[in-house]
Amino acid sequence: MNTAAPILLIKSGGEQAIDEWRAHFAEFGAAVDVRWWNDPTVDPQAVRYALVWQPDSARLAGYPNLKAILSSAAGVDHILADAQLPADVPIVRMVTPETQQRMAEFTVMSSLMLLKDIPRVVAQQARCEWSEFSTPRTARETRVGIMGLGALGLASARLHAQLGFITAGWARSRRDEAGIQCFAGIDELPAFLARTDILICLLPDTEDTRQLVDARLLAQLPAGAAFINVGRGSHVNHADLLAALDDGQLGAALLDVFDAEPLPADAPFWRHPRIIVTPHGAATPSRRERARQAALTMAAFEAGQPLPHVYDRVRGY
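This is the structure:
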């Protein structure tokens, strides 16, 4: 190992994953010395990059020559939670072609599960109950609406449209995408919601989007609509969501993200008959894919090129 190479610290997957990380970075020709987060032999002065998931508070501030912080996931909330985070070090989101494909697959799977009323199937199986039923619509008769049209939202919208769903998207700014009806801004949100049978949340976590999915928003959906959250747990008012499910305004929900993770055993979502819970795995890319993207990012930085998917601290995503 070339100890003169700049150090890349990794906190993702545990210490047992370091050999795998090293093999992947070697495959992609990354000129870095890959080290575990808690390696006691690491010289803080030599650390140039950090690939992290939920880094310890104040640790990143202890590396004076840190050039970039690479998130091990598409979101960066787990990094921003550090009150002593260096303000001048760029944070790069983990958005890759594999991430986009995985998210698109997951959201389409979720839409099909709710379209085919799989929550009812699961509940019947738990009771050993054989009760035949049919569902009222096909994908071609079902209106999907995706809130958030970034890289992951657009990939999800495109795959829904390819499958035949009547697909629309909503974002803060105007988008133009063939085959997808695009709504923009708060003034167009009511019209977007009114035409949506399955609402998918893929918004970033900002002050404007926190608790956006509340009783007022859910009431603007057609009665019996379904909801899928693959954005952030902070987007949803949990009490309002449960109330909408209980009174029939929502027919079902699939939730992949939560305010507290792992989801506590006493959380009502686990036992609600109209909710499917998944463990925040919608779009987690392989370690090899994350290493490839991180290697490209570090190479771009060293070459003085613009970094991809940099978190904008002003916009909040």
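Positions in the sequence shown are counted from 1; adding 720 to them yields the working numbering.
Here a beta-carbon is modelled for each residue, glycine too, at the ideal position from N, C-alpha and C.
Among the bridge pairs identified by DSSP, R863 is matched with I886.
Put simply, of W756, A911, R915 and S893 the residue whose alpha carbon is nearest the alpha carbon of G905 is S893. Ranked by Cα distance from E861, the first of L872, L832, C848 and A875 is L832. Under the three-state reduction of DSSP, Q1025 is assigned to coil, being neither helix nor strand.
Check the Cα spacing between D907 and each of E849, A891, V997 and D917: the tightest is with A891. Looking at the DSSP output, W756 sits in a beta bridge with I730.
Around the Cβ of R1035, a 10 Å sphere holds fewer than 16 other Cβ atoms; the residue is exposed. With respect to V796, Y1031 sits close: the two C-beta atoms are nearer than 9 Å. Contact between the segment 829-847 and the segment 915-933 is established, with three or more Cβ pairs separated by less than 8 Å. Distance from the CA of G749 to the CA of A1014, rounded to the nearest whole angstrom, comes to 11 Å.
For the segment 898-954, the full-length beta strand (DSSP E) segments reaching 3 residues or more read 901-904, 918-921 and 945-949 along the chain. In the DSSP assignment, A788 forms a beta bridge with Y769. A Cβ-Cβ distance of about 16 Å is found for the pair L771 and P806, leaving them out of contact under the 8 Å criterion.
Taking the Cα of P982 as reference, the smallest distance to any Cα among P999, D967 and L790 is reached at P999. DSSP places V997 inside the beta strand (DSSP E), whose first and last residues are I995 to V997. In the structure shown, V842 falls within a helical segment according to DSSP collapsed to helix, strand and coil. Residue pairing by DSSP places I738 opposite no residue, since no beta bridge is assigned to it. With 16 or more other Cβ atoms inside 10 Å of its own Cβ, V977 counts as buried. Looking only at A985, A859, A1003 and L923, the smallest Cα-Cα distance to G953 is reached by L923. With three or more CB-CB distances shorter than 8 Å, the segment 785-794 counts as touching the segment 1016-1029.
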